[in-house]
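Q: Numbering (our numbering), first residue to last: 278 to 441. Note that the Cβ used here is the ideal one computed from N, Cα and C, for glycine as well.
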Amino acid sequence: MEKVAEAPATGEEGVESSESRRALREADQVQEHEGLRYVAGKTFTFQGNITRPDGTLLPLWVDSTYREGMTLQTIPFGSDAYFALASEPDVAAWLSVSPEMVVVIHDTAYRITTGAESEAGQPQTPAPTPTPTSPNPTSSQPSLLQMLLDWLLRLFSPRESATP
Numbered sequence: 278m279e280k281v282a283e284a285p286a287t288g289e290e291g292v293e294s295s296e297s298r299r300a301l302r303e304a305d306q307v308q309e310h311e312g313l314r315y316v317a318g319k320t321f322t323f324q325g326n327i328t329r330p331d332g333t334l335l336p337l338w339v340d341s342t343y344r345e346g347m348t349l350q351t352i353p354f355g356s357d358a359y360f361a362l363a364s365e366p367d368v369a370a371w372l373s374v375s376p377e378m379v380v381v382i383h384d385t386a387y388r389i390t391t392g393a394e395s396e397a398g399q400p401q402t403p404a405p406t407p408t409p410t411s412p413n414p415t416s417s418q419p420s421l422l423q424m425l426l427d428w429l430l431r432l433f434s435p436r437e438s439a440t441p
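1) Note down the Cα distance separating Gly350 from Phe360, rounded to an integer number of angstroms.
2) I need the boundaries of the beta strand (DSSP E) containing Arg314, first residue and last residue.
3) Find the nearest neighbour of Leu432 within the set Gly288, Glu289, Ser294, judged by alpha-carbon distance.
4) Can the beta-carbon of Phe354 be found less than 7 Å from the beta-carbon of Pro336?
5) What number of angstroms, rounded off, separates the C-alpha of Thr415 from the C-alpha of Leu421?
6) On the CB-based measure, 16 or more other CB atoms within 10 Å of its CB, does Ala471 come out buried or exposed?
7) Can you tell me the Cα-Cα spacing of Gly392 and Gly288, whole angstroms?
8) Name the DSSP beta bridge partners of Pro353, please?
9) For my contact list, Trp338 and Thr322 are in at a C-beta cut-off of 8 Å; report their separation, rounded to the angstrom.
10) How would you write the range of the alpha helix (DSSP H) that Asp427 sits in, first residue to last?
Here's what the structure looks like:
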């Protein structure tokens, strides 16, 4: 006897199935927070704006591995030293975050700058990135793992027969 293919889910079951598939599809995508950037394995945090002489605002981004007390080596944006750094693997991607930034490369902190001033009228000294807190374990939103488990249980659970 030939097995008949099961019809696609409809109604509430179809919506749940669609949501589960979407969650699985997006599971490997890191969600960017407004004040965070993830680039080539590094996390950068927004630290405020720097004002150029023409009034243009440039965002200051700081590598999350930067810590207070690290010596900053200043590199002018677009200089020979800047392009020498950019020639290293992954560094060009990190430098693409902003012309005003702090990036830690091989345990050395580099302050990339256009020479502009902060909104307060002085060159801005970046602050170390605060240690992120853990998500709230009492959150009512199910985790991706829980959504996957629920979907698998629904997928393999016996269904009620539609015949009388």
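A: From the atom records:
1) Inspection of the sequence shows that residue 350 is occupied by Gln rather than by Gly. Near 15 Å, if we compare the C-alpha coordinates of Phe360 and Gln350.
2) First-last of the beta strand (DSSP E) with Arg314: 313–316.
3) Looking at Gly288, Glu289, Ser294, the one whose alpha-carbon comes closest to that of Leu432 is Ser294.
4) no
5) Residue placement at Thr415 cannot be trusted, given a pLDDT of 48 that sits under 50; what the coordinates show is reported in the next sentence. C-alpha separation (whole angstroms): 15 Å.
6) The question about residue 471 has no answer here: the residues shown for the chain are numbered 278 through 441.
7) 60 Å
8) Thr390
9) At roughly 7 Å, the Cβ-Cβ gap stays under 8 Å, so Trp338 and Thr322 are in contact.
10) 421–433
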